[in-house]
Amino acid sequence: MDKDKTFRRNVLWSDETKIELFGHNAQQYVWRRKGEAFNPKNTMPTVKHGGGSIMLWGCFAANGTGALQRVNGIMKKEDYLQILQDDLKSSARRFGLWCSWVFQQDNDPERTSKVVIEWLNQDRIRV
7 MDKDKTFRRN VLWSDETKIE LFGHNAQQYV WRRKGEAFNP KNTMPTVKHG
57 GGSIMLWGCF AANGTGALQR VNGIMKKEDY LQILQDDLKS SARRFGLWCS
107 WVFQQDNDPE RTSKVVIEWL NQDRIRV
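If you count the sequence shown from 1, you need to add 6 to reach the numbering used here.
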């Protein structure tokens, strides 16, 4: 980053993540020698039916973390807008970000939707 520390202290970062009860559900590979396929050190336990997961949205700044918001199912633009309306400005105030702060988000479609951009512009939130 070529921005200075003062700039970074005025950024409210955000993202969402999926947390799975028994680790990630991506395919895993194990290297083994010939004839050792089922040696316990070469196997990985599995959980049938997924084990469960939760999707969360959160934000943080240089001086703290905000409250986590649970996302039910796949986040849609209406869900994202509701999270911002409920949490964004109160989180910024809690972190001491008053006037010239910047909100960082990725470019997922629900974040760049017209309704979300209009709300951010209406509330004069710099992205």
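Every residue gets a Cβ at the ideal spot worked out from N, C-alpha and C, and that includes glycine. These figures come from a predicted structure and were not determined experimentally.
Item: Identified DSSP bridge partners for E22; Value: W63
Item: Neighbour flag for R132 against chain B, beta carbons, 8 Å; Value: Of the chains in the structure shown, none is chain B; there is only one protein chain.
Item: Close-in-space but distant-in-sequence residues of the same chain around F66 (CB under 7 Å, 5 per side omitted); Value: W19, G72
Item: Cutoff 7 Å; reference V77; Cβ partners in own chain excluding five residues on either side; Value: E22, M61, L62, W63, D85
Item: Continuous beta strand (DSSP E) stretch holding E110: start and end; Value: For clarity, residue 110 is Gln in the given sequence; the question names Glu instead. Element bounds for Q110: 108–110.
Item: Beta-carbon spacing of R132, V108 below 8 Å; Value: yes
Item: Cβ-based neighbour list, S119, same chain, cut-off 7 Å, excluding 5 preceding and 5 following; Value: K83
Item: Where the beta strand (DSSP E) through R76 begins and ends; Value: 75–77
Item: Cα-Cα separation, L87 to D10; Value: 30 Å
Item: Contact check, S96 vs N16, beta carbons under 8 Å; Value: no
Item: Option in L126, T12, N127 with minimal Cα separation from A68; Value: T12
Item: Of the listed residues F28, P46, V122, A43, nearest to Q91 (C-alpha basis); Value: V122
Item: F28 burial status per 10 Å Cβ neighbour count (16 or more: buried); Value: exposed
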